[in-house]
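Colleague: Residue 2 is where the sequence shown starts when you use the working numbering, and the numbers rise one by one after that. The beta-carbon is built from N, C-alpha and C at its ideal position, and this holds for glycine as well. Following this message is one structure expressed as structure tokens.
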Amino acid sequence: MTSIFQPLSCTDDYDPDSLHVDSARALILDLIRPVSGDERVVVHQALDRVLAEDVISPIDVPAHDNSAMDGWAVRFGDLAGSDQTAGETRLKNIGTALAGKAFAGKVGPGETVRIMTGAILPQDADCVVIQEVARVEDDAVIIPPGQQRKQNTRRAGEDLQAGRPAIATGKKLRPAEIGIIASLGIGEVTVRRRVRVALFSSGDELCSIGTPLASGEVYDSNRYTLWGMLTRLGCEVIDMGVVRDDPVALEAAFREAAGNADAIITSGGVSVGEADFIKQLMARLGEVAFWKIAMKPGRPMAFGLIQPEDADGLKAHGAWLFGLPGNPVAVMVTFYQFVRPALLKMAGVDPVPPVPAFSVRCTEAMKKGRGRTEFQRGILFQENGEWCVRPTGAQGSGVLRSMAEADCFIVLEHEREKVGAGDTVHVQLMSGLV
Ligand code: AMP
Ligand code: MG
């Protein structure tokens, strides 16, 4: 065990040959630090970027007390009473307040102003009576009893207050935050630079698109699913293609990747049969742990730090390596469980949110191995108004169709035993993952 993993050897339950999914994720997140570097971008380019500064509101939003409804601005004290048994109140209509065109005067005793949604509340008015309940007779407005002080009004600053943080550093900007930034009149924000991820597939059996398959070969699909997942996460992807199972070629690829990227993702080559020669190579390149994670699919995985060629202080430290298994479904499952939260942390997302899981009824029985977490692929559907899940067909770790057909993972926890038809299971929605 080398230095970055030193703290792990003190952890009671650290067993690299049978690591709980939650422990592996926690160990990775504990070591990863956000990348440094940021840039200014205009609001339209800030979507899905990670905020590198607090956005401080320069103004109150809304800027003034205003009406939440179309109706009549009144002085609550003028009304006969809030009690339903009190009588009606007759007020004199003295003008109109429109959104963007305020009423210039003030509302005196016995007076009212016609007001539209978003219009500034005229001076001395403190209550809006909706137009549906008021009656107009000539220039008199009849207000029924039962009104409340401040009803149908919005206070200045009730959404955002001048001088206070409106959005905190570390937030990944979604359409709602983009809207908030615009509502403050801010045109540019500072965001973290994108995380650079180098990517290659390893395996002598891999064939690239455009070349006919020879006997025993498969097309390299992992590089494409990984590219898709990384792009969705907002990473800058450096695609290094396929690298042969050859120590010289692999060493050169790892060195180059470590020199250019914050993280390296490989697929294949970490299963038991291949790990030995990779292990020797890794021992020269950096500090890498080879884990057997108690999960299905995705048992073998390598994680560690790879140094670039000239590691003499030119770069603070190398690139984090995620050596994923070769099977296409295992690649996606391990990416979502381990690489995604790690890349979010590297990107500066703070806090990294846990992926929510929901309880639903599973309509089919499922086998489950003991002492491991399983990520079966499921399809959600409604039955008599209740959301239910069923597994997709074949669940082999090479059956990528099971991912394409699925809209959720059925997460069968470590301790869980078999699932009977009708039992409750936890699901994680795929659409929320990226
Ligand atoms: P490995 O982990 O290298 O032993 O590979 C396990 C399985 O995944 C083998 O059947 C490989 O052919 C397959 N595999 C490995 N890499 C890829 C890839 N890039 N694209 C598609 N399948 C792959
Ligand atoms: Mg291989």
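Is it the case that the CB of G164 approaches a heavy atom of the ligand MG more closely than 6 Å?
Modeller: no
Colleague: Which residue wins for smallest C-alpha separation from P146, given the options R195, D79 and T191?
Modeller: D79
Colleague: Go ahead and pull the three-state DSSP assignment for H45.
Modeller: helix
Colleague: Return the chain-ordered list of same chain residues with a C-beta closer than 7 Å to the C-beta of G421, the five sequence neighbours on each side being excluded.
Modeller: A366
Colleague: Please indicate yes or no: does the CB of D221 lie closer than 6 Å to some heavy atom of the ligand AMP?
Modeller: Distances between the C-beta of D221 and the heavy atoms of the ligand AMP include at least one below 6 Å.
Colleague: Let me confirm a value: T212 is counted as buried when at least 16 other C-beta atoms fall within 10 Å, else exposed. Which label applies?
Modeller: exposed
Colleague: Specify the secondary structure class of M302 as computed by DSSP and reduced to three states.
Modeller: Reduced to three states, the DSSP call for M302 is strand.
Colleague: Please state the DSSP three-state secondary structure of S222.
Modeller: coil
Colleague: Can you tell me whether A395 is buried or exposed, with buried defined as 16 or more other CB within 10 angstroms of its CB?
Modeller: exposed
Colleague: Mind checking which residues open and close the alpha helix (DSSP H) that includes Q460?
Modeller: Since the first residue shown for the chain is 2 and the last is 435, residue 460 is missing from the structure and cannot be characterised.
Colleague: Do the stretch 159-177 and the stretch 52-71 meet, that is, are 3 or more Cβ pairs less than 8 Å apart?
Modeller: yes
Colleague: Say the cut is 6 Å; is the CB of G287 nearer than that to a heavy atom of the ligand COA?
Modeller: Among the ligands modelled here, namely the ligand AMP and the ligand MG, the ligand COA does not occur.
Colleague: For V22, does the three-state DSSP call read helix, strand or coil?
Modeller: helix
Colleague: Name the DSSP beta bridge partners of V244, please?
Modeller: S203
Colleague: Going along the chain, which unbroken runs of the beta strand (DSSP E) with 3 or more residues stay wholly within the stretch 125-175?
Modeller: 128-131, 136-138, 141-144 and 166-168
Colleague: Please list, in chain order, all residues of the same chain as R391 whose beta carbon is under 6 Å from its beta carbon, the five residues on each side excluded.
Modeller: T364, E365 and I380
Colleague: Could you spell out the range, first to last residue, of the beta strand (DSSP E) harbouring V356?
Modeller: Boundaries cannot be given for V356, as no beta strand (DSSP E) includes it and DSSP labels it neither H nor E.
Colleague: Return yes when at least one heavy atom of the ligand AMP lies under 6 Å from the C-beta of P298, else no.
Modeller: no
Colleague: Would you kindly work out how many angstroms separate the C-alpha atoms of A163 and V56, rounded to a whole number?
Modeller: 11 Å
Colleague: Grab me the residues of S360's own chain with a C-beta within less than 7 Å of its C-beta, minus the 5 sequence neighbours each way, in chain order.
Modeller: Result list for S360: T425 and H427, in chain order.
Colleague: Report back the beta-carbon spacing between F323 and P17 to the nearest angstrom; my notes put them in contact at under 8 Å.
Modeller: Actually they do not touch by this definition, with Cβ atoms about 15 Å apart.
Colleague: Grouping DSSP H, G and I as helix and E and B as strand, with all else coil, what is R341?
Modeller: helix
Colleague: In angstroms with no decimal places, state the Cα-to-Cα distance between D221 and I266.
Modeller: 14 Å
Colleague: Counting only the same chain and skipping the five closest in sequence on each side, list residues whose C-beta sits under 8 Å from that of L185.
Modeller: V56, S58, P59, I60, V62, L161 and A167
Colleague: Excluding the 5 residues preceding and the 5 following F382 in the sequence, name in chain order all residues of the same chain whose CB lies nearer than 8 Å to its CB.
Modeller: W388, C389, V390 and R391
Colleague: With 16 as the cutoff for other CB atoms within 10 Å, does K346 come out buried or exposed?
Modeller: In this structure K346 is buried. Its beta-carbon is surrounded by 16 or more other beta-carbon atoms within 10 angstroms.
Colleague: Would you mind reading off the limits of the beta strand (DSSP E) that contains T364?
Modeller: First-last for T364: undefined, no H or E at that position.
Colleague: Report yes if the C-beta distance between Y309 and G260 is below 7 Å; otherwise report no.
Modeller: Sequence check: residue 309 is Pro here, not Tyr. A contact, by the Cβ cut-off of 7 Å.
Colleague: To the nearest angstrom, report how far apart F6 and D263 are at their CA atoms.
Modeller: Cα-Cα distance, rounded: 19 Å.
Colleague: Out of N94, D140 and N153, point me to the one whose CA is closest to L122's CA.
Modeller: N153
Colleague: Any heavy atom of the ligand MG closer than 6 Å to the Cβ of G242?
Modeller: no
Colleague: Any residue with its C-beta under 6 Å from a non-hydrogen atom of the ligand MG counts. Can you list them all in chain order?
Modeller: G204, G269, G270, E275 and G327
Colleague: So which of Y225, G82, H415 and T170 has the shortest CA-CA distance to P352?
Modeller: T170
Colleague: Could you check if T232 is buried or exposed, using at least 16 other CB atoms within 10 Å of its CB as the buried criterion?
Modeller: exposed
Colleague: Would you identify the three-state DSSP class for I5, choosing helix, strand or coil?
Modeller: helix
Colleague: What three-state label does DSSP hand L185 in the structure shown?
Modeller: coil
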